[in-house]
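**Student:**
In our numbering, the protein residues as written are 151 to 554.
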């Protein structure tokens, strides 16, 4: 099966590389510089990987007051914001990328006179503490919405993209910008910091998907479906590959039977009983084989897009009596952080423009269609509970709208 040529506008590869390097730096606990559209600059470090002296370094680098930035979801959990008053960022900015499974409710900057210490920032961003189990917030703490496109919003988004806790400590350089005669690039170079533009962080997901290319394929006979071929797709940022498992010889001129399956290490590989992912994976392959042909897209979006480490953290929170939606939000994430732009791009490169989608999730139907793939039919994909995942399945139905 040949991949059709994909015509896209030029991609700012330098911007993609800059964000990718900033993500690696944050994971190492390093400080990164962030520039906004007006040329002003600040610095940020991930709360999860921050070293004890990082806050003092931020002060010394910028001369500004360090503040903690968290997602609005986390601020609501901390009792510092009202969920009812939240307005989706997509409504404010009007630029939500197609394929996002949920809307983002933005970021909030937490501040106090003299700034926050590293210990205070950790306490406020700690994913395993429910507000009722925490001490009172530091005296004088204030919370304010971070504007879309701001350094604060970009810092939180960088942490999220790096699969870290979505929280960062930031400080602004008061004397930066054109009026001060000091460019962001000059300041970052002087202090040996990686520099990234806030606008490039906001555009990163879309840019990376547009660089997705097929890099390898091979015949891989499977039990019950020997005529199977696996295609690997890799983004230009060097991130994890997405896989397409093509069974039989589906006709690209007809709607293809398809399943979008987000990777689940615990369920798919280990056979975890906490979810139904392993059953859905194996069941989808068996059903596609039974019908003669189709495609299963295995998407690198562990834990509904929050990553394996954060999924394990969510499990610990669930063990204290919270459901899967609450656990993600206590961590500071949306209930579902997955993006379906990669799935649409893979289908297009494989030559498919219409699908019969195997799913119980109505959001997959909406988002795949929003990405330009026609969904002509929903094919039910249901498996019985196993004694350990009844609550998980009930939450998907009652709070996420899954159809069972």
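Every residue, glycine too, gets a C-beta built ideally from N, C-alpha and C.
The structure displayed is predicted, hence computed values, not measured ones.
According to the Cβ coordinates, are residue 446 and residue 434 closer than 7 Å?
**Tutor:** Result yes, Cβ atoms of residue 446 and residue 434 sit closer than 7 Å.
**Student:** One question on the structure: do residue 183 and residue 338 come within less than 7 Å of each other, judged by their Cβ atoms?
**Tutor:** Yes, these two residues count as a Cβ contact at 7 Å.
**Student:** Kindly indicate which three-state DSSP category residue 200 falls into: helix, strand or coil?
**Tutor:** The answer is coil: DSSP assigns residue 200 none of H, G, I, E or B.
**Student:** Start and end of the beta strand (DSSP E) containing residue 412?
**Tutor:** Taken as a continuous stretch (DSSP letters only), the beta strand (DSSP E) holding residue 412 covers 406 to 412.
**Student:** Using only the alpha-carbon positions, how far apart do residue 440 and residue 376 sit?
**Tutor:** Near 12 Å, if we compare the C-alpha coordinates of residue 376 and residue 440.
**Student:** Measure the CB-CB distance between residue 390 and residue 526 and report whether it falls below 7 Å.
**Tutor:** Contact: no.
**Student:** Run through DSSP, which three-state label would residue 166 get?
**Tutor:** Residue state, collapsed to three classes: helix.
**Student:** Helix or strand or just coil, what does DSSP make of residue 502?
**Tutor:** In the structure shown, residue 502 sits in coil (DSSP, three-state: anything other than H, G, I, E or B).
**Student:** Using three-state DSSP, classify residue 388 as helix, strand or coil.
**Tutor:** Coil.
**Student:** Which term fits residue 296, buried or exposed, when burial requires 16 or more other beta carbons within 10 angstroms of its beta carbon?
**Tutor:** The residue in question, residue 296, is buried, as its Cβ has 16 or more Cβ neighbours within 10 Å.
**Student:** Only counting the same chain, and skipping five residues up and downstream in sequence, which positions put a Cβ closer than 8 Å to that of residue 494?
**Tutor:** Counting only Cβ-Cβ distances below 8 Å, and skipping sequence neighbours, we find 249, 518, 521, 522 and 523.
**Student:** By how many angstroms is the C-alpha of residue 345 removed from the C-alpha of residue 263?
**Tutor:** Taking the straight line from one Cα to the other gives about 28 Å.
**Student:** Counting beta carbon pairs with one atom in the segment 202 to 221 and one in the segment 314 to 325, are three or more of them shorter than 8 Å?
**Tutor:** Counting Cβ pairs under 8 Å, three or more are found: they touch.
**Student:** Tell me whether residue 350 sits in a helix, a strand or coil according to DSSP, three-state version.
**Tutor:** Here residue 350 sits in helix by DSSP.
**Student:** Kindly identify the DSSP beta-bridge partner or partners of residue 333.
**Tutor:** None; residue 333 has no bridge partner.
**Student:** Is it true that the segment 465 to 484 meets the segment 367 to 385, where meeting means three or more beta-carbon pairs spaced less than 8 Å apart?
**Tutor:** Contact fails: fewer than three Cβ-Cβ distances are below 8 Å.
**Student:** Which ranges would you report for the beta strand (DSSP E) in the segment 440 to 520 if only whole runs of at least 3 residues count?
**Tutor:** Fully enclosed beta strand (DSSP E) runs of 3 or longer: 444 to 449 and 504 to 508.
**Student:** Going by Cα to Cα distance, which pick from 358, 385 and 354 is closest to residue 365?
**Tutor:** Nearest C-alpha to residue 365: 385.
**Student:** Does the distance from the C-beta atom of residue 411 to that of residue 448 stay below 7 Å?
**Tutor:** Going by C-beta atoms, residue 411 is nearer than 7 Å to residue 448.
**Student:** Between the alpha carbons of residue 565 and residue 403, how many angstroms are there, rounded?
**Tutor:** The structure shown does not extend to residue 565, since the chain spans only 151 to 554, so no value can be given for it.
**Student:** Give me the DSSP bridge partner(s) of residue 367.
**Tutor:** Paired residues: 381.
**Student:** Let me know the secondary structure DSSP gives residue 308 once reduced to three states.
**Tutor:** In the structure shown, residue 308 sits in a helix (DSSP, three-state: H, G or I).
**Student:** So, at 8 Å on beta carbons, what are the nonlocal neighbours of residue 371 in its own chain, with the 5 sequence-adjacent residues on each side left out?
**Tutor:** If we look at residue 371 and ignore the five residues flanking it on each side, its Cβ neighbours are 377 and 378.
**Student:** With DSSP as the reference, label residue 233 as helix, strand or coil.
**Tutor:** It is coil, neither helix nor strand.
**Student:** Looking at C-alpha atoms only, which residue of 190, 470 and 464 is the closest neighbour of residue 484?
**Tutor:** Considering only alpha carbons, the answer is 464.
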